[in-house]
Amino acid sequence: MQPVTLTTDRLVLRPVGPQDTDAIHAAAQDPDIQRWTTIPSPYLPEHARSFVEQLAPDGWAGGSQFTFGVFLPDATTLVGVNSLVMRSLGTAEIGFWTAKEHRGRGYTAEAVLTASRWAFTDLAVDRVEWRAEVGNNASRAVARHAGFTLEGTQRSAVNNKGVRRDCWVGSLLPSDLGLPSTAPYLPAPPVGTSSPSGTGTGTPSDG
Numbered sequence: 000m001q002p003v004t005l006t007t008d009r010l011v012l013r014p015v016g017p018q019d020t021d022a023i024h025a026a027a028q029d030p031d032i033q034r035w036t037t038i039p040s041p042y043l044p045e046h047a048r049s050f051v052e053q054l055a056p057d058g059w060a061g062g063s064q065f066t067f068g069v070f071l072p073d074a075t076t077l078v079g080v081n082s083l084v085m086r087s088l089g090t091a092e093i094g095f096w097t098a099k100e101h102r103g104r105g106y107t108a109e110a111v112l113t114a115s116r117w118a119f120t121d122l123a124v125d126r127v128e129w130r131a132e133v134g135n136n137a138s139r140a141v142a143r144h145a146g147f148t149l150e151g152t153q154r155s156a157v158n159n160k161g162v163r164r165d166c167w168v169g170s171l172l173p174s175d176l177g178l179p180s181t182a183p184y185l186p187a188p189p190v191g192t193s194s195p196s197g198t199g200t201g202t203p204s205d206g
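Sequential numbering of the sequence shown, starting at 0, is according to numbering that gives the first Met the number 0.
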């Protein structure tokens, strides 16, 4: 797939390139980014070069991962990075980080929402998932601000630098943004509601 550029009133989301290497390397020195994301730690210049010259372009070319640098309207001042990773048919997982000096302005939630809307309308995605290690309250706040529904906690669901950890999970659906789904969606009935005629999917007892 050819890379695309998305814009809002305050931001430009565009593919990263070699010109962004130094800015990405500098931002990724923040201990919080290294602690809560799966980027290498320590984060060296060669890691940034590999990211902008190989990992990000290969993701676009293969249709497996769509990485956007998030910039101010000048398209050069780096606010952060977000990435949509295709996990299964119709499902993408979004990850993101924000440069320390640009936090607290709502930029990341705005970028996440913009990228998710694009995934729904251009990638035939019907579910965008968000995951964050339990305790990453900043990421959780972004997800809430972007409209994600928090669905619970998964045990041992993320591997961060060789350690398995519990994570929070949430989702955003096309209907949350007033958009149609590619595939029909039939929500489950509320908890405690009987299935029609008392039938179910469990195995009946022998007694």
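Think of the CB as a built atom: it goes at the ideal place given N, C-alpha and C, for glycine as much as any other residue.
Note down the Cα distance separating residue i from residue j, rounded to an integer number of angstroms.
| i | j | result |
| --- | --- | --- |
| T6 | A114 | 10 Å |
| A142 | N136 | 10 Å |
| H46 | E52 | 10 Å |
| D31 | R139 | 14 Å |
| G79 | F147 | 20 Å |
| R29 | G58 | Reading the sequence as shown, one finds Asp at residue 29 and not Arg. Whole-angstrom Cα-Cα distance: 25 Å. |
| P41 | Q33 | 8 Å |
| A22 | T36 | 17 Å |
| G206 | R163 | Only weak support is given to the placement of G206: the predicted model assigns it a pLDDT of 43, under 50, and the question is left unresolved by the model. |
| S180 | W129 | 18 Å |
Just to check my reading of the structure: residue i and residue j have Cβ atoms closer than 8 Å, yes? What is that Cβ distance to the nearest angstrom?
| i | j | result |
| --- | --- | --- |
| N159 | E132 | 6 Å |
| A55 | P14 | 7 Å |
On the criterion of 16 or more Cβ atoms from any shown chain inside 10 Å, does residue i qualify as buried, or is it exposed?
| i | result |
| --- | --- |
| V11 | buried |
| Y106 | buried |
| G169 | buried |
| A60 | exposed |
| T120 | exposed |
| E150 | exposed |
When the Cα of residue i is compared with those of the options, which residue comes out closest?
| i | options | result |
| --- | --- | --- |
| R48 | S40, D19 and G161 | D19 |
| A145 | L176, L112 and G151 | L112 |
| F95 | D175, A26 and G89 | A26 |
| A110 | V124, T90 and L77 | L77 |
| V3 | C166, L122 and L171 | L122 |
- Message: Any contact between the segment 80 to 87 and the segment 62 to 69? By contact I mean 3 or more CB pairs, one from each, below 8 Å.
- Response: Using a C-beta cut-off of 8 Å, the segment 80 to 87 makes contact with the segment 62 to 69, since at least three inter-stretch Cβ pairs fall below that distance.
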